[in-house]
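Using the working numbering, you'd call the opening residue of the sequence shown number -10 and step up by one each time.
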Amino acid sequence: MLGMIVKNMSFKVGQTLTVVGVPKPDAANFAINIGPDDQEITFHMNPRFNAHGDENTVVCNSYQGGCWCEEHREGGFPFQQGEEFKITIEFTPTEFLVTLPDGSNIHFPNRMGAEKYSCISFEEDVRIRSIEIK
-10 MLGMIVKNMS FKVGQTLTVV GVPKPDAANF AINIGPDDQE ITFHMNPRFN AHGDENTVVC
50 NSYQGGCWCE EHREGGFPFQ QGEEFKITIE FTPTEFLVTL PDGSNIHFPN RMGAEKYSCI
110 SFEEDVRIRS IEIK
């Protein structure tokens, strides 16, 4: 289920995206997607409380050419159903450096290699309170 989608924005190398949101009280999982458009995803971050055979795991991936790529699992799981979280995603030339609410990090490669992405979307069981790019 696709929630909020932000198009025609500019998230460039050197910038940081801050997302504040609240997983629903009965959330199974949610996702944050960054990509060039709403068809391709260069960075998909999917915290899973209990979904797709995973419990309390953050799974990251890319979606290119109609296919999911290789899953990437790293970092802790500092998310609670019904409790506000804040994450930052720093965009460097080679990777997305994610800082989770507990200070742990995820390093995810910039697989598409672009210097700017224009689409961010949010899926599943989450309510987004704010997004900021600096």
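Backbone N, C-alpha and C fix where the C-beta goes; we use that ideal spot for every residue, glycine too. It should be emphasised that the depicted structure is a prediction, and the values quoted were computed from it without experimental measurement.
Below 8 Å on the Cβ atoms is my contact criterion, and I expect E84 with T5 to pass it. Report the Cβ-Cβ distance as a whole number of Å.
Numbered from 1 along the sequence shown, position 95 holds the residue referred to as residue 84. Numbered from 1 along the sequence shown, position 16 holds the residue referred to as residue 5. At roughly 13 Å, the Cβ-Cβ gap does not stay under 8 Å, so E84 and T5 are not in contact.
Look up P67 in the DSSP assignment and say whether it is helix, strand or coil.
Start at 1 with the first residue of the sequence shown, and residue 67 comes out as number 78. It is coil, neither helix nor strand.
What are the uninterrupted segments assigned as beta strand (DSSP E) that are 3 or more residues long and contained completely in the region 5 to 30, given in chain order?
5 to 12 and 19 to 24
Between S93, D15 and C56, which has its C-alpha nearest T31's C-alpha?
Taking the sequence shown and counting its residues from 1, one reaches residue 31 at position 42. For T31, the nearest C-alpha among the options comes from C56.
Using a threshold of 7 Å, state whether the C-beta atoms of I21 and F97 are closer than that.
As a position in the sequence shown, residue 21 is number 32, starting the count at 1. As a position in the sequence shown, residue 97 is number 108, starting the count at 1. Result no, Cβ atoms of I21 and F97 do not sit closer than 7 Å.
Could you please give me the residues that DSSP links to N35 through a beta bridge?
On the sequence shown, position 46 is the one that residue 35 refers to. DSSP output for N35 lists V48 as bridge partner(s).
Answer with yes or no whether the minimum CB distance from D26 to chain D is below 7 Å.
Considering every chain present, this structure includes no chain D. It has just one protein chain.
In whole angstroms, what separates the C-alpha of P90 from that of P14?
Here residue 90 refers to the residue found at position 101 when the sequence shown is read from its first residue. Here residue 14 refers to the residue found at position 25 when the sequence shown is read from its first residue. Spanning the two alpha carbons is a distance of roughly 18 Å.
Rounded straight-line distance, which links the Cα of T7 to that of Q69
The sequence position of residue 69 within the sequence shown is 80, counting from 1. The sequence position of residue 7 within the sequence shown is 18, counting from 1. Answer to the nearest angstrom: the Cα atoms are 18 Å apart.
Measuring alpha carbon to alpha carbon, tell me which of F0, K1, S(-1) and D27 ends up nearest G(-8).
Locating residue -8 in the sequence shown gives position 3, where the first residue counts as 1. When each option's Cα is compared against that of G(-8), the closest is D27.
What number of angstroms, rounded off, separates the C-alpha of E113 from the C-alpha of F38?
As a working note, residue 113 is residue 124 in the sequence shown. As a working note, residue 38 is residue 49 in the sequence shown. Taking the straight line from one Cα to the other gives about 12 Å.
According to the Cβ coordinates, are V9 and R116 closer than 7 Å?
Position 20 of the sequence shown holds residue 9. Position 127 of the sequence shown holds residue 116. No, Cβ-Cβ distance for V9 and R116 is not below 7 Å.
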